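The listed protein sequences correspond, in order, to chains A and B. Taking our numbering, the leading residue of the first sequence gets 8, the next gets one more, and so forth. Taking our numbering, the leading residue of the second sequence gets 6, the next gets one more, and so forth. One structure is given here, and the rest of the page talks about it.
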Amino acid sequence: MAIPTIPDERSADSWKAAMTRFVQVIPHTRGLGLEVLDVTPPTVTMRLPWHRDLLGDETRDLVHGGVLSMMLDTLCGSAVLCGLPVPEVCPTLDLRVDHYRPGLAGHDLLGEARVVRVTESMVFIEGCIWQREGLPIARGIANFVRLGPRNTPAGFAAALFGEKDSLESGREI
Amino acid sequence: MQERISSREWLERTRTSGDVDAILALVPYAQRIGVSAMIEPQGRLYRLAPQQDNIGNVLLPALHGGVVAAFMETAASLELMLVARAVRLPKVIDFSIDYLRTANLVPTLARCTVLREGRRMANVQVCAWQDDATKPIAMARLHLLLAEPPDVDSDAIASHA
Chain A
8 MAIPTIPDER
18 SADSWKAAMT
28 RFVQVIPHTR
38 GLGLEVLDVT
48 PPTVTMRLPW
58 HRDLLGDETR
68 DLVHGGVLSM
78 MLDTLCGSAV
88 LCGLPVPEVC
98 PTLDLRVDHY
108 RPGLAGHDLL
118 GEARVVRVTE
128 SMVFIEGCIW
138 QREGLPIARG
148 IANFVRLGPR
158 NTPAGFAAAL
168 FGEKDSLESG
178 REI
Chain B
6 MQERISSREW
16 LERTRTSGDV
26 DAILALVPYA
36 QRIGVSAMIE
46 PQGRLYRLAP
56 QQDNIGNVLL
66 PALHGGVVAA
76 FMETAASLEL
86 MLVARAVRLP
96 KVIDFSIDYL
106 RTANLVPTLA
116 RCTVLREGRR
126 MANVQVCAWQ
136 DDATKPIAMA
146 RLHLLLAEPP
156 DVDSDAIASH
166 A
């Protein structure tokens, strides 16, 4: 399978800063302290720090399955941005999650997502979450629809890369 | 000693009383995103509160798609705990969601349909909508393993081992 070529020549650091801005503008992921560890297009790596609110069954100390869906949705949605020649608005069409083993209390969740294929109208992404290296908890695949430059607000990429303040000011809506 | 969601006795009692709140009290992430349930003439309805913290797109603004997914997954698990033929502990095996419309910052409702309940596995469909039940914002489907819940005794033994 051909790995999509990424014509964008921004540095890894500027991508990491852009993705960090992206997840910190989202109230839900900001609230949970989701952290961007690395962006090497077309792959994004993040960490969700351990918090009791992530539990799905506090009597058995297991991570809520929905936390994994939420994290995969965020990871995949972020990967979309670095898979395109120029960042576009891309709504999630669908998401599928397979639960391989339970997530355990007290451990951070690590995850990565990568662009598998970009077409004129779609971006196909796959992602994975683990707590211990080599032991995946969940795998996800998500498909995103490209709305194209015509339906992407002017200054979207600039805002993402902190070249303008528009995404930040959107926070105050 | 804290009661265990997983014990047969606890599940049996909760199913008899239909006390969803008692289950939700033990599910921190469901509490964080604001999941509740209510009984309607046509069955149980689940509700996701329109909290600022559930926003995933500040520009629209819209709910986080992953939070909507977590809500629908929670609804399916709760529904099975309460309506499965036998006392079972559902474990999500796989989950799939189609996003049909923008989820605005208003209350989201969901209804579950158990399409198949076998001895070990169940298939549940979840439909979520906001203002208009005929215009779903998302549809989800899940396979859940119907695990045999441990008895309190075996739990106690395990925790002392």
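Cβ coordinates follow ideal geometry from the N, Cα and C atoms, glycine included. Please read these numbers as outputs of a predicted model, since none were measured by experiment.
Through-space distance from residue j to residue i, alpha-carbon basis
| i | j | result |
| --- | --- | --- |
| residue 22 (chain A) | residue 160 (chain A) | 20 Å |
| residue 77 (chain A) | residue 18 (chain A) | 27 Å |
| residue 98 (chain B) | residue 108 (chain A) | 9 Å |
| residue 132 (chain B) | residue 96 (chain A) | 26 Å |
| residue 30 (chain A) | residue 36 (chain A) | 6 Å |
| residue 88 (chain B) | residue 165 (chain A) | 51 Å |
| residue 151 (chain B) | residue 123 (chain B) | 9 Å |
| residue 131 (chain A) | residue 85 (chain A) | 12 Å |
| residue 120 (chain A) | residue 22 (chain B) | 43 Å |
| residue 149 (chain B) | residue 16 (chain B) | 17 Å |
| residue 174 (chain A) | residue 45 (chain A) | With a pLDDT of 49 at residue 174 (chain A), under the threshold of 50, the modelled position of this residue cannot be trusted; read the value that follows with caution. Approximately 21 Å, taken between the alpha carbons. |
| residue 100 (chain B) | residue 103 (chain A) | 6 Å |
| residue 105 (chain A) | residue 82 (chain B) | 15 Å |
| residue 94 (chain B) | residue 86 (chain B) | 6 Å |
| residue 157 (chain A) | residue 60 (chain B) | 25 Å |
| residue 101 (chain A) | residue 144 (chain B) | 10 Å |
| residue 76 (chain B) | residue 73 (chain A) | 7 Å |
| residue 36 (chain B) | residue 30 (chain B) | 7 Å |
| residue 64 (chain B) | residue 32 (chain A) | 10 Å |
| residue 123 (chain A) | residue 94 (chain A) | 16 Å |
| residue 126 (chain A) | residue 83 (chain A) | 16 Å |
| residue 129 (chain A) | residue 58 (chain B) | 29 Å |
| residue 119 (chain B) | residue 61 (chain A) | 26 Å |
| residue 137 (chain B) | residue 91 (chain B) | 34 Å |
| residue 27 (chain B) | residue 138 (chain A) | 29 Å |
| residue 96 (chain B) | residue 70 (chain B) | 22 Å |
| residue 139 (chain B) | residue 71 (chain A) | 29 Å |
| residue 66 (chain B) | residue 110 (chain B) | 7 Å |
| residue 26 (chain A) | residue 59 (chain A) | 25 Å |
| residue 167 (chain A) | residue 20 (chain B) | 49 Å |
| residue 74 (chain B) | residue 68 (chain B) | 10 Å |
Cβ-Cβ separation, residue j to residue i (assumed contact under 8 Å), whole Å
| i | j | result |
| --- | --- | --- |
| residue 151 (chain A) | residue 87 (chain A) | 5 Å |
| residue 72 (chain B) | residue 38 (chain B) | 5 Å |
| residue 79 (chain B) | residue 40 (chain B) | 5 Å |
| residue 110 (chain A) | residue 69 (chain A) | 7 Å |
| residue 155 (chain B) | residue 13 (chain B) | 7 Å |
| residue 121 (chain B) | residue 127 (chain B) | 6 Å |
| residue 53 (chain B) | residue 43 (chain B) | Between residue 43 (chain B) and residue 53 (chain B) the Cβ distance is about 12 Å, and since that is not below 8 Å, they are no contact. |
| residue 117 (chain B) | residue 153 (chain B) | Wrong, their Cβ atoms sit about 22 Å apart, outside the cutoff. |
| residue 54 (chain A) | residue 65 (chain A) | Actually they do not touch by this definition, with Cβ atoms about 22 Å apart. |
Cβ of residue i within 8 Å of any chain A Cβ
| i | result |
| --- | --- |
| residue 154 (chain B) | no |
| residue 71 (chain B) | yes |
| residue 136 (chain B) | no |
| residue 31 (chain B) | yes |
| residue 57 (chain B) | yes |
| residue 51 (chain B) | no |
| residue 63 (chain B) | yes |
| residue 54 (chain B) | no |
| residue 142 (chain B) | no |
| residue 97 (chain B) | yes |
| residue 103 (chain B) | yes |
| residue 18 (chain B) | no |
| residue 75 (chain B) | yes |
| residue 13 (chain B) | no |
| residue 125 (chain B) | no |
Beta-carbon proximity of residue i to residue j, cut-off 8 Å
| i | j | result |
| --- | --- | --- |
| residue 63 (chain A) | residue 34 (chain B) | yes |
| residue 136 (chain A) | residue 154 (chain A) | no |
| residue 129 (chain B) | residue 105 (chain B) | no |
| residue 89 (chain A) | residue 143 (chain A) | no |
| residue 112 (chain B) | residue 55 (chain B) | yes |
| residue 56 (chain A) | residue 38 (chain A) | no |
| residue 79 (chain A) | residue 145 (chain A) | yes |
| residue 28 (chain A) | residue 134 (chain A) | no |
| residue 149 (chain A) | residue 81 (chain A) | no |
Chain B contact for residue i (CB, 8 Å cutoff)
| i | result |
| --- | --- |
| residue 74 (chain A) | yes |
| residue 136 (chain A) | no |
| residue 61 (chain A) | yes |
| residue 115 (chain A) | no |
| residue 119 (chain A) | no |
| residue 102 (chain A) | yes |
| residue 64 (chain A) | yes |
| residue 98 (chain A) | yes |
| residue 33 (chain A) | yes |
Chain C within 8 Å of residue i, Cβ atoms only
| i | result |
| --- | --- |
| residue 79 (chain B) | You won't find chain C in this structure, because its protein chains are A and B. |
Alpha helix (DSSP H) segments (min. 4 residues) lying fully within the stretch 37 to 102 of chain B | For the alpha helix (DSSP H) assignment, the uninterrupted runs of no fewer than 4 residues enclosed by the stretch 37 to 102 of chain B are, from N- to C-terminal side, 70 to 88.
With a floor of 3 residues, list each beta strand (DSSP E) that falls wholly inside the stretch 56 to 142 of chain A, ordered by position along the chain.
-> 62 to 64, 99 to 106, 116 to 125, 129 to 139
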